[in-house]
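Quick note, the sequences are listed as chains A and B, same order. If you're matching positions, the first sequence starts at 233 in the numbering used here and goes up one per residue. If you're matching positions, the second sequence starts at 29 in the numbering used here and goes up one per residue.
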Amino acid sequence: MTTSNLGLSFLVLTMNLSAYSILGSIIGYKLNNNQIKLSSKNAAYSTFFTTLISAICLVYAFVTNDFSIKYVFNHSNLSMNPAYTWVAMYAGNEGSLLYIALIISLSILLVLKFKPKDLIESEPHLIALMSGFLLFFISVMVFFANPFDTFQSNIPSDGRGMNPLLAHPGMFSHPPLLMAGLATISVPFSLITSMLLTGTFRNNGLDFVRTTSLIVWCILGVGLLLGSWWAYTILGWGGYWVWDPIENVGLMPWLVMTAFIHSIIVQRRRGMFRVWNVILIFLAFVLAQFGMFINRGGPVVSVHSFAASTLGYIFLGFMVFSALFCSLIFIMNYNKIYSDNKIESVVSREAAFLINNFFLLAITFVTLWGLIFPLINEVFYNETVTVGAPYYNAVNGPVILLLLFIMGIGPNLSWKGTSNSNLKTNLLYPSIVALFAFSIVSIFTSKPFMSSLAISSIVLVLSTILYEWFRGSRNLARNGTHWFYAFFKLISNNRKKYGGYVVHISILLVALGVIGINFYQVKIDKVVTVGERIEIGNYQIEIAEINENSFNDRREKVATFLILDSNEKIIETLQGNNTFYPSFNMASIRAAIKSGPIEDLYIIPSDFIDNDKMKLIISINPLVWWMWLGGPIFILGTLISLWPRNLKL
Amino acid sequence: MFIKFKFNLIIILMTFAIIGCITNVSENNNRNYDLYSKIMCPVCDGQTIGESQASISNDMKNIIDLQISEGKTDKEILVYFEERYGTEILASPPSEGVNIVVWIAPIILLTSAFIIFLSWLRHSTKRQVQ
Numbered sequence: 233m234t235t236s237n238l239g240l241s242f243l244v245l246t247m248n249l250s251a252y253s254i255l256g257s258i259i260g261y262k263l264n265n266n267q268i269k270l271s272s273k274n275a276a277y278s279t280f281f282t283t284l285i286s287a288i289c290l291v292y293a294f295v296t297n298d299f300s301i302k303y304v305f306n307h308s309n310l311s312m313n314p315a316y317t318w319v320a321m322y323a324g325n326e327g328s329l330l331y332i333a334l335i336i337s338l339s340i341l342l343v344l345k346f347k348p349k350d351l352i353e354s355e356p357h358l359i360a361l362m363s364g365f366l367l368f369f370i371s372v373m374v375f376f377a378n379p380f381d382t383f384q385s386n387i388p389s390d391g392r393g394m395n396p397l398l399a400h401p402g403m404f405s406h407p408p409l410l411m412a413g414l415a416t417i418s419v420p421f422s423l424i425t426s427m428l429l430t431g432t433f434r435n436n437g438l439d440f441v442r443t444t445s446l447i448v449w450c451i452l453g454v455g456l457l458l459g460s461w462w463a464y465t466i467l468g469w470g471g472y473w474v475w476d477p478i479e480n481v482g483l484m485p486w487l488v489m490t491a492f493i494h495s496i497i498v499q500r501r502r503g504m505f506r507v508w509n510v511i512l513i514f515l516a517f518v519l520a521q522f523g524m525f526i527n528r529g530g531p532v533v534s535v536h537s538f539a540a541s542t543l544g545y546i547f548l549g550f551m552v553f554s555a556l557f558c559s560l561i562f563i564m565n566y567n568k569i570y571s572d573n574k575i576e577s578v579v580s581r582e583a584a585f586l587i588n589n590f591f592l593l594a595i596t597f598v599t600l601w602g603l604i605f606p607l608i609n610e611v612f613y614n615e616t617v618t619v620g621a622p623y624y625n626a627v628n629g630p631v632i633l634l635l636l637f638i639m640g641i642g643p644n645l646s647w648k649g650t651s652n653s654n655l656k657t658n659l660l661y662p663s664i665v666a667l668f669a670f671s672i673v674s675i676f677t678s679k680p681f682m683s684s685l686a687i688s689s690i691v692l693v694l695s696t697i698l699y700e701w702f703r704g705s706r707n708l709a710r711n712g713t714h715w716f717y718a719f720f721k722l723i724s725n726n727r728k729k730y731g732g733y734v735v736h737i738s739i740l741l742v743a744l745g746v747i748g749i750n751f752y753q754v755k756i757d758k759v760v761t762v763g764e765r766i767e768i769g770n771y772q773i774e775i776a777e778i779n780e781n782s783f784n785d786r787r788e789k790v791a792t793f794l795i796l797d798s799n800e801k802i803i804e805t806l807q808g809n810n811t812f813y814p815s816f817n818m819a820s821i822r823a824a825i826k827s828g829p830i831e832d833l834y835i836i837p838s839d840f841i842d843n844d845k846m847k848l849i850i851s852i853n854p855l856v857w858w859m860w861l862g863g864p865i866f867i868l869g870t871l872i873s874l875w876p877r878n879l880k881l
Numbered sequence: 029m030f031i032k033f034k035f036n037l038i039i040i041l042m043t044f045a046i047i048g049c050i051t052n053v054s055e056n057n058n059r060n061y062d063l064y065s066k067i068m069c070p071v072c073d074g075q076t077i078g079e080s081q082a083s084i085s086n087d088m089k090n091i092i093d094l095q096i097s098e099g100k101t102d103k104e105i106l107v108y109f110e111e112r113y114g115t116e117i118l119a120s121p122p123s124e125g126v127n128i129v130v131w132i133a134p135i136i137l138l139t140s141a142f143i144i145f146l147s148w149l150r151h152s153t154k155r156q157v158q
């Protein structure tokens, strides 16, 4: 039996298993037969192992260069760095579907394993929903996009190779995390839908919904940030964030999930916003399906076109189906959901959460509008337009600023309502510091008004958080505890809250990087010969040498740069390269970057003119370094938030 | 005494902030790069000419540099490219004609939504108090 046969057989087996587990759950629920329920649960469990075997077959085919499989032929070749053959599985449409199916089946396994006992009533519905989602992806592969399709005759001796833009360390982390994040939004969605369908959407199991949502949200967030870092280090993606349609469809579900994880806190604490939370998770799920559609043969122009296929209509159909399904479930059940309490004051934590939700959805809407406007315009006015970064920056910029501001105020408000004196104690000093920062920035820099506002908002949020930490640790340290220990005790006593603060700090760091690059970047371009020195900022740059290496599938030109400080002392040697792939007629350009907390020196080897002459685009990007630091801090904050109460380090 | 000190501090800072706003003259040293990021590369998918390394992008950048040195305004330069390549060459549509909708719609919609949302919030909290 060949690898391809084995892989396909297990795909078909998975398809049957998931279909069985859907039917079994429904029949078991209707007949209230525990044995049928158990059997369908076991079928759902086993889909992970059968999908895993299929995935292993595909990875094995890549690692052993089995070019008899068309998918391997199209996305790998012999001269490719062997490390990439392990991940080339998700370099194209069919394989990435298999990867997504694997993640969904893994999420089924984990959810069924770790689900709390009080969710037993909704279990059959949960299994049916999650298996249904898996069944969709498996069927698409079996009927339309078989990753194990083989050549009947004339098996090629070498493949076409992976898209050159994907040959980057980012390939190991960004695509798998982003796809996993988008696919597993189905977990909180299925949990809530199954609870709605069985009329058990109360507070039972809400902690589990929160845990899964936070994990999914963290995976998606880290995936987005890694994509940003990837796009920053290599050219061809348009820079760290360009509001490309594919970036946007990843961002929108994350924004809605961000709103969801905030408003679900209100449901847990005060029994409010139940209807709203259902709407949010439905919206996030439908937007994730929208993302799948745009990714796979959507109608928009994008720099990401790896998974593009002719399957667009199938995914469009699935998205429309999801939207109808969600609407139906909502209409049938919304009168069963009600709030235990009402909002009592505009100046309360609840209201701040709602305002935060409003701004997050506003950004989502602006992004969606920019994405679909060219389509509307084309259909109604027959005119092609591009809606790109200038639109998003101009319209989303101010909304993001307001959101930052709310991030500073909101956590300082109390539940139910806040007294003026309370507000004053919490916000007086931070506001003074922020005002001070605003004055300094606007007097000493000659940049737009927005940049001073943005920086002072960051200072406001940061100082409210630090001030609260300071007061909290001081209170704990009063009875003789050491300050340092008191601080950790403070965080460990209320992990959910302080984990949230740590995540807020990571968002501030990302914002700092965005401000640095958008408002304070300095850029020059110049044709330079080897040995010549050019000055930018406090640096002098000299090309030390230019080398050329030829490989079977690519020609690589590497430039070595010497970076000198103002005293003509060499501080660093950097390399940038420009690699041309003839079979793709595509060049991949890696920038030379000297990164640091104050600023990045960023050199693009734009064009190699002669053996000793090249065109460079050099920029100084202040504060970008902090954006990448935001990633680990974001994960740390989520982990603190998720860390169970009874588990001690 | 301390309260007065804080009050004075705020007044002083406010004054500084206002001075900052008045004296704030934003300079644009990167005018040509700003323009590069407003024009799409005609042969690439979803990249501006600032980002693209295609030879046509380099030619277009040279045209922009030339026109800036001739003293043309940003608007004139953008119109120059729009006339030759169509509206889709611009990274975002100009705010005129039908395309004004792309800019206006979210602003009007979000502002009115926010007003409705706030009045709903106030209304529902007032009802509680009674």
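Here a beta-carbon is modelled for each residue, glycine too, at the ideal position from N, C-alpha and C.
Runs of alpha helix (DSSP H) with 4 or more residues, each lying fully within the region 649-716 of chain A, are found at 652-676, 681-709, listed in chain order. Here DSSP, grouped into helix, strand and coil, assigns Tyr813 of chain A to strand. The three-state secondary structure of Glu79 of chain B, taken from DSSP, is coil. Residue environment: Val126 of chain B is assigned as exposed (fewer than 16 neighbouring CB atoms within 10 Å of its CB, all protein chains considered). Here the alpha carbons of Gly629 of chain A and Met818 of chain A stand approximately 34 Å from one another.
Contacts between Glu615 of chain A and chain B, judged by CB atoms closer than 7 Å, involve Thr115 in chain order. Segment contact: the region 368-377 of chain A against the region 245-265 of chain A, three or more CB-CB distances shorter than 8 Å; contact assigned. In this structure, Glu79 of chain B places its C-beta atom within 8 Å of the C-beta atom of Leu467 of chain A.
For Tyr61 of chain B, the enclosing alpha helix (DSSP H) starts and ends at 59-64. Judged by their CB atoms, Asn810 of chain A and Pro837 of chain A are nearer to each other than the 8 Å cut-off. By alpha-carbon distance to Val518 of chain A, the top candidate from A:Trp486, A:Arg502, A:Ile497 is A:Trp486. Apart from the 5 residues on each side of it in sequence, Thr443 of chain A sits with its Cβ closer than 7 Å to the Cβ of Leu874 in its chain, given in chain order. By DSSP's assignment, Ser820 of chain A forms a beta bridge with A:Thr811. The contact set of Tyr61 of chain B on chain A, defined by CB atoms closer than 7 Å, consists of Lys755 in chain order. Partner residues in the beta bridge of Phe840 of chain A, as assigned by DSSP, are A:Met846.
In this structure, DSSP gives Met312 of chain A a state outside helix and strand, which the three-state scheme calls coil. Interface annotation, Thr596 of chain A: not in contact with chain B, CB-CB separation never under 8 Å. Below 8 Å, too few C-beta pairs join the region 551-563 of chain A and the region 474-488 of chain A to call them touching: fewer than three. DSSP, read as helix, strand or coil, puts Ile268 of chain A in helix. For a Cβ distance threshold of 9 Å, residue set Val578 of chain A lies close to Arg150 of chain B, ordered along the chain.
Neighbours of Asn127 of chain B in chain A, taken as residues at a C-beta separation under 7 Å, are given in chain order as Val617.
The closest CA to that of Phe812 of chain A, considering only A:Val734, A:Met411, A:Asn781, A:Leu635, is found on A:Asn781.
Contact annotation, Thr416 of chain A with Ile335 of chain A: C-beta distance approximately 6 Å; criterion of less than 8 Å satisfied.
Here the region 735-743 of chain A does not lie against the region 764-777 of chain A, with fewer than 3 beta-carbon pairs under 8 Å apart.
Under the three-state reduction of DSSP output, Pro121 of chain B falls in the coil class, being neither helix nor strand. Under the Cβ distance rule, Ser147 of chain B does not count among the residues neighbouring chain A, no pair being separated by less than 8 Å. The Cβ-Cβ distance between Leu344 of chain A and Ala276 of chain A falls below 8 Å.
For Lys103 of chain B, the nearest beta carbon of chain A is not closer than 8 Å to its own beta carbon. Between Ser554 of chain A and Leu645 of chain A, the C-beta spacing is not below 8 Å. When the beta-carbon positions are compared, Thr282 of chain A and Ala333 of chain A stay at least 8 Å from each other. For Ala621 of chain A, the uninterrupted alpha helix (DSSP H) segment begins and ends at 621-641.
Annotated three-state conformation of Ala583 of chain A is helix, per DSSP. At a cut-off of 8 Å between beta-carbon atoms, Phe605 of chain A makes contact with chain B.
Listed in chain order, the positions of the region 73-90 of chain B with a beta carbon within less than 8 Å of a beta carbon of chain A are Asp73, Gly74, Gln75, Thr76, Glu79, Gln81, Asn86. Pairwise C-beta distances place the region 712-731 of chain A out of contact with the region 748-768 of chain A, as fewer than three of them are shorter than 8 Å.
Exclusion of the five residues before and after Gly640 of chain A leaves Leu692, Val693, Thr696 as the residues of its chain whose Cβ lies within less than 6 Å of its Cβ.
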